[in-house]
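In the numbering used here, each residue carries its 1-based index in the sequence shown increased by 1. For every residue, glycine included, the Cβ atom is placed at its ideal position computed from N, Cα and C. Before any comments, here is the structure.
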Amino acid sequence: MVKGPRTVICVVGARPNYMKAAPIVAALRRSARLAPLLVHTGQHYDPDMNERFFAELGMPAPDSNLEVGSASHAVQTAQVMMRFEPVLDSAPDPIVLVVGDVNSTIACALVAAKKGIPVVHVEAGLRSGDRAMPEEINRVLTDQISDLLFTTEKSAAANLAAEGIAAQRVHFVGNVMIDTLVANLPRAIPPAETLATAGQIPAGRFALSTLHRPANVDDPVVLGRLLDCLAEIGAGLPVVLPLHPRTRARIDAAGLTGRLDGTRILALGPQGYLAMLGLMKAATLVLTDSGGIQEETTALGIPCLTLRDNTERPSTVEFGTNTLVGRDPARILAAARTALATGGKAGRIPEFWDGHAADRIVAVLEDSF
Ligand code: UD1
2 MVKGPRTVIC VVGARPNYMK AAPIVAALRR SARLAPLLVH TGQHYDPDMN ERFFAELGMP
62 APDSNLEVGS ASHAVQTAQV MMRFEPVLDS APDPIVLVVG DVNSTIACAL VAAKKGIPVV
122 HVEAGLRSGD RAMPEEINRV LTDQISDLLF TTEKSAAANL AAEGIAAQRV HFVGNVMIDT
182 LVANLPRAIP PAETLATAGQ IPAGRFALST LHRPANVDDP VVLGRLLDCL AEIGAGLPVV
242 LPLHPRTRAR IDAAGLTGRL DGTRILALGP QGYLAMLGLM KAATLVLTDS GGIQEETTAL
302 GIPCLTLRDN TERPSTVEFG TNTLVGRDPA RILAAARTAL ATGGKAGRIP EFWDGHAADR
362 IVAVLEDSF
């Protein structure tokens, strides 16, 4: 009997997962030995956080959508687990591939591991050392139960070794998110178009900011201070601020909407991938708390100030254009002024952030399974 290709169930759940999964799904479709089955957990569901990315990235529609939606961490994780189990039961001899560090990542990895199904983690070994971040818990646990671990940067190997994970399970392949960036850069949407569509006057030079980490947006005092800080930077250089739905909801709930009035903060809705790429590429400076944007600005050579005390992506600081500035307004303002006066930190691109990480991953998968 001729055996067909073995199924690799690729899980996505939240916005940052799509850019990571897209090149892997494409590479698996080119494989004679393996075939992708795309499962969306529905953790993110707004079209702006979801369908738009699938269309832009040329990803096939998910083979199934578990439609879990938003809830507390426990409920969301549990719902993903309950709804993912039957998907595994209906696939013969699958492999489960998870990316990143969102709740859907640990939920699906855990269901598969308990059923004796091989688990593959892409973007393994990143550690902020900060267990107050829900993502850090998701990273540590997913890595512990993964059979194959693919890393994006060299720091990850030492983190995994320190947690007792055997080196032969770990493969340094580079960064799949940069595969997507390299492939889509020519299609990036010019910022003037994005701003005009959002009803904003196109800026000349501008800074770009994103905020969505619970530590930055859940406390109204911290959030208010950060918005004031962006307003002050805006006095010199307009600040384009695409708002994550979570951040928009927190601003509204805390009665902070008025803080944006009369400032040169250009608040937009959530942007698609190609619009964000265009904004990042053209920005004079980026201020963010996003993990992905730290990496993308390093790949693009754009100076980035990260509004956190730590990063799980140290190569962006060691080699790239990233500087950690925390969330103290005085420190952020001083760093922004310095970056604007000097042109900001120069950097180089970390090893294997070259557009070919997904091919390396599929080559290892073909060898291993
Ligand atoms: C999740 C990830 C985070 C990632 C981020 C990117 C976890 C623990 N966190 O955080 O690592 O950086 O995605 O966006 O998995 N909401 C909508 N529409 C949506 C999705 C969310 O309005 O399509 C709102 C809801 O109010 C929801 C809130 O955003 O309660 C938070 O969504 P959730 O998926 O719980 O976490 P994120 O903050 O998006």
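Checklist line | Distance, residue 233 Cα to residue 208 Cα | finding: Whole-angstrom Cα-Cα distance: 12 Å.
Point to revise | Assigned exposure category for residue 87 - 16 Cβ within 10 Å defines buried | key: Exposed is the label assigned to residue 87, since fewer than 16 other Cβ atoms lie within 10 Å of its Cβ.
- So the beta strand (DSSP E) residue 7 belongs to, where does it begin and stop? Here the beta strand (DSSP E) through residue 7 covers 7-13.
Item to check | Opposing strand residues paired with residue 303 [DSSP bridges] | outcome: Answer is none; residue 303 lacks a bridge partner.
Considering only the beta carbon of each residue, do residue 171 and residue 143 sit closer than 9 Å? Their beta carbons are not under 9 Å apart, which means residue 171 does not touch residue 143 by this criterion.
| Three-way DSSP call (helix, strand, coil) for residue 97 in this model | Taken through DSSP and simplified to helix, strand or coil, residue 97 comes out as strand.
Taking the beta carbon of residue 82 as the centre, do at least 16 other beta carbons fall within 10 Å, making it buried, or is it exposed? Buried, since its Cβ has 16 or more Cβ neighbours within 10 Å.
Q | Selection from 100, 67, 101 and 72 that minimises the alpha carbon distance to residue 89 | A | Of 100, 67, 101 and 72, the residue nearest in Cα terms is 67.
**Request:** Please report the residue range of the alpha helix (DSSP H) in which residue 323 lies.
**Result:** From DSSP, residue 323 is part of no alpha helix (DSSP H) but of the beta strand (DSSP E) over 323-325.
Rounding to the nearest angstrom, what Cα-Cα distance links residue 370 and residue 33 in this structure? Between the alpha carbons of residue 370 and residue 33 lies a gap of roughly 13 Å.
Applying the criterion that 16 or more other CB atoms from any shown protein chain within 10 Å of the CB defines a buried residue, is residue 154 buried or exposed?
-> Here residue 154 is buried. Its C-beta has 16 or more other C-beta atoms within 10 Å.
Excluding the 5 residues flanking residue 18 on each side, which residues of the same chain have their C-beta closer than 6 Å to its C-beta? Within the same chain, residue 18 has close Cβ partners 100 and 101.
In chain order, which alpha helix (DSSP H) runs of at least 4 residues are fully inside the stretch 233-317?
Whole alpha helix (DSSP H) segments, 4+ residues: 246-254, 274-283 and 292-301.
task = Leaving aside the five residues before and after residue 247 along the sequence, list all residues of the same chain whose C-beta is less than 7 Å from its C-beta, in chain order.
result = For residue 247, where only same-chain residues beyond five positions count, the Cβ hits under 7 Å are 213 and 218.
Discussion item. Helix, strand or coil, according to DSSP, for residue 142 in the structure here?
Written reply: Three-state result, residue 142: helix.
**Message:** So, under 8 Å CB-CB, residue 323 and residue 298 are touching, yes? Tell me the CB distance rounded to an integer number of Å.
**Reply:** Contact between residue 323 and residue 298 holds, since their C-beta atoms are separated by about 7 Å, short of 8 Å.
Which runs of the beta strand (DSSP E) spanning at least 3 residues fall entirely within the stretch 127-178, listed in chain order?
Here the runs fully enclosed are 149-152 and 171-173.
Counting beta carbon pairs with one atom in the stretch 271-287 and one in the stretch 233-245, are three or more of them shorter than 8 Å? Yes, the stretch 233-245 touches the stretch 271-287.
Taking the alpha-carbon positions, what's the residue 350 to residue 288 distance? Using only the alpha carbons, I get a separation of about 19 Å.
**Study point:** Where residue 194 falls, given that 16 or more other Cβ within 10 Å makes a residue buried
**Key:** In summary, residue 194 is exposed, with fewer than 16 beta-carbon neighbours lying within 10 Å of its beta-carbon over all protein chains present.
Checklist entry - Do residue 104 and ligand 1 come close, with the Cβ less than 8 Å from some heavy atom? => result The beta carbon of residue 104 sits closer than 8 Å to at least one heavy atom of ligand 1.
Practice prompt. Return the residue from the list 284, 235 and 278 that minimises the CA-CA distance to residue 260.
Written response: Nearest of 284, 235 and 278 to residue 260, Cα basis: 235.
ask   = With C-beta atoms as the reference, is residue 346 less than 9 Å away from residue 337?
value = No.
- Can you tell which of 348, 133, 173 and 177 has its C-alpha closest to the C-alpha of residue 150? Selected option, being the one with the closest Cα: 173.
field: residue 215 to residue 310 span [Cα, whole Å]
entry: C-alpha separation (whole angstroms): 14 Å.
Can you check which of these residues, 24, 30, 25 and 179, is closest to residue 6 by C-alpha distance? Checked all of 24, 30, 25 and 179; the closest Cα to residue 6 is 30.
Original post:
What number of angstroms, rounded off, separates the C-alpha of residue 231 from the C-alpha of residue 282?
Top reply: Going from the Cα of residue 231 to the Cα of residue 282 covers about 20 Å.
Within the stretch 46-117, ranges of the beta strand (DSSP E) (whole runs, at least 3 residues)
The stretch 46-117 contains, as complete beta strand (DSSP E) runs of 3+ residues, the segments 96-100 (chain order).
Would you decide whether residue 140 is buried or exposed? Buried here means 16 or more other CB atoms lie within 10 Å of its CB.
Classification for residue 140: buried.
query: Which whole-angstrom value is the C-beta distance of residue 184 and residue 267, which I expect to be below 8 Å?
result: Going by Cβ atoms, the distance from residue 184 to residue 267 rounds to 28 Å, so no, they are not a contact pair.
Original post:
Closest by CA to residue 300, which one among 316, 119 and 229?
Top reply: Comparing Cα positions, the closest option is 316.
Straight-line CA distance for residue 60 to residue 276?
The alpha-carbon atoms of residue 60 and residue 276 are separated by roughly 17 Å.
Original post:
Bridge partners of residue 35, per DSSP?
Top reply: Under the DSSP definition of a beta bridge, residue 35 partners with 7.
Check this for me: beta carbons of residue 63 and residue 39, under 9 Å apart or not? Against a cut-off of 9 Å, the Cβ pair of residue 39 and residue 63 comes out as a contact.
If I follow the unbroken alpha helix (DSSP H) through residue 197, where does it start and stop?
Residues 192-198.
| field | Endpoints, the beta strand (DSSP E) within which residue 208 is located | value | Segment 208-211, the beta strand (DSSP E) holding residue 208.
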